[in-house]
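A.B. asks: Numbering (the numbering used here), first residue to last: 1 to 314.
Each residue gets a CB set at the ideal place from its N, CA and C atoms; glycine is no exception.
Below you will find the structure I want to go over with you.
This is the structure in structure tokens:
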């Protein structure tokens, strides 16, 4: 049985200038919500700047703050998984390291974690992204809705509060492609969200580019869902029907006109359509085979280099 309290997990990457102010703002909020029963886990995802030194300094200077350094850059979700597995209290909070999630809004999320709710997302009123980044974010969330099977996934964000015992559902998970939101559905379907303030980023730049968001969406689809395979089957079914229609057209034209359909242009179009569909389906199957291959390698989602912890004392 985990002790009552709050564990805050923060994946850190290129946050040398923001992680200190974030921890400073978190401390009074946590002490007010769970006096003496809290911890902050700073997971350094092998950041190339001075983030590693800064989180280690915070861990040595502030009891209740721990720094976990990973061997290399694994990504946001593997870093979160590492922190989640290290949490000691019965409630886990995850937040970004860029001060876009105001710590002062945390009590609202905790208040929504009632007896019949296991996961609460802090959803922004409006996404602070540009056109293409916003489009990629919406695509990712629609994929997440399909993977999670919960409409609340459309309001999912990295600002989460959930019950620590949910991690028992993915205790043995060792896949290379991690999505914390999907893993949480392995333990519950009781999700909700709260509209909270999201601040604009003032320090540094986001490492989540359009390409990374789209890659994350593809990883979720092929790593946690059979939807792409179903799509490949549907494409094959539709093109088979299209092929029969073309055959019927050729036979009817031959019966009426006594001649065949126009030659090379017609044939080239048909061959291109079917070849493209075959390559698409082969690519989808290849993605699944690749993931099965990596799973057989049993490659861990992360490896810890060191952990720095300052005991709170009696």
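Give the secondary structure of residue 39 by DSSP, where H, G and I count as helix, E and B as strand, and everything else as coil.
C.D. replies: Three-state result, residue 39: strand.
A.B. asks: So for residue 70, helix, strand or coil by DSSP?
C.D. replies: The answer is strand: DSSP assigns residue 70 an E or B state.
A.B. asks: Starting from residue 122, trace the beta strand (DSSP E) both ways and give me its first and last residue.
C.D. replies: Counting along the chain, the beta strand (DSSP E) containing residue 122 begins and ends at 119 to 124.
A.B. asks: Does the separation of the CB atoms of residue 70 and residue 23 fall below 8 Å?
C.D. replies: No, these two residues do not count as a Cβ contact at 8 Å.
A.B. asks: Three or more beta-carbon pairs under 8 Å between the segment 45 to 58 and the segment 109 to 120, yes or no?
C.D. replies: Taking 8 Å as the limit for Cβ pairs, the verdict is that the segment 109 to 120 does not touch the segment 45 to 58.
A.B. asks: Considering residue 307, what are the terminal residues of the beta strand (DSSP E) in which it resides?
C.D. replies: Here the beta strand (DSSP E) through residue 307 covers 304 to 309.
A.B. asks: So who's on the other strand from residue 44, going by DSSP bridges?
C.D. replies: Answer by DSSP bridge pairing, in chain order: 12 and 69.
A.B. asks: Can you give me the C-alpha to C-alpha distance between residue 314 and residue 95, rounded to a whole angstrom?
C.D. replies: Because the pLDDT of residue 314 is 46, which lies under 50, any placement of that residue in the model is unreliable, and the number read from its coordinates should be weighed accordingly. Rounded to the nearest angstrom, the two C-alpha atoms are 28 Å apart.
A.B. asks: With residue 55 as the anchor, note down where its alpha helix (DSSP H) starts and where it stops.
C.D. replies: Unbroken alpha helix (DSSP H) run through residue 55: 51 to 61.
A.B. asks: Are the CB atoms of residue 67 and residue 308 nearer to each other than 8 Å?
C.D. replies: Cβ atoms of residue 67 and residue 308: closer than 8 Å.
A.B. asks: Classify residue 21: buried if its beta carbon has 16 or more other beta carbons within 10 angstroms, exposed otherwise.
C.D. replies: By the neighbour-count rule (16 or more Cβ atoms within 10 Å), residue 21 is not buried but exposed.
A.B. asks: I need the boundaries of the beta strand (DSSP E) containing residue 161, first residue and last residue.
C.D. replies: Looking at the DSSP string, the run of the beta strand (DSSP E) that includes residue 161 is 160 to 163.
A.B. asks: Whole angstroms are fine: how far does the CA of residue 74 sit from the CA of residue 15?
C.D. replies: If I take the Cα positions, the gap works out to 16 Å.
A.B. asks: Assign residue 34 to buried or exposed, taking buried as 16 or more other Cβ atoms, counted over all protein chains shown, within 10 Å of its Cβ.
C.D. replies: Its Cβ being crowded by 16 or more others within 10 Å, residue 34 is buried.
A.B. asks: Alpha carbon to alpha carbon, how far is residue 228 from residue 290?
C.D. replies: Their Cα atoms are separated by approximately 14 Å.
A.B. asks: Taking only three categories from DSSP, how would you classify residue 6?
C.D. replies: Residue 6: strand per DSSP, three-state reduction.
A.B. asks: State the DSSP-derived secondary structure class of residue 246, mapped to helix, strand or coil.
C.D. replies: In the structure shown, residue 246 sits in a helix (DSSP, three-state: H, G or I).
A.B. asks: Can you have a look at residue 186 and say buried or exposed, based on whether 16 or more other CB atoms are within 10 angstroms of its CB?
C.D. replies: With fewer than 16 other Cβ atoms within 10 Å, it is exposed.
A.B. asks: Can you check DSSP and say which residues form a bridge with residue 95?
C.D. replies: Paired residues: none, contrary to the question.
A.B. asks: Between the Cα of residue 177 and the Cα atoms of 30, 301 and 1, which residue gives the shortest distance?
C.D. replies: Of the candidates 30, 301 and 1, the one whose C-alpha sits nearest the C-alpha of residue 177 is 301.
A.B. asks: Could you check how far apart the C-beta atoms of residue 92 and residue 55 are, in whole angstroms? I think they sit under 8 Å.
C.D. replies: Their Cβ separation, rounded to whole angstroms, is 18 Å, which puts residue 92 and residue 55 out of contact at 8 Å.
A.B. asks: CB residue 118 to CB residue 163, shorter than 8 Å?
C.D. replies: Contact: yes.
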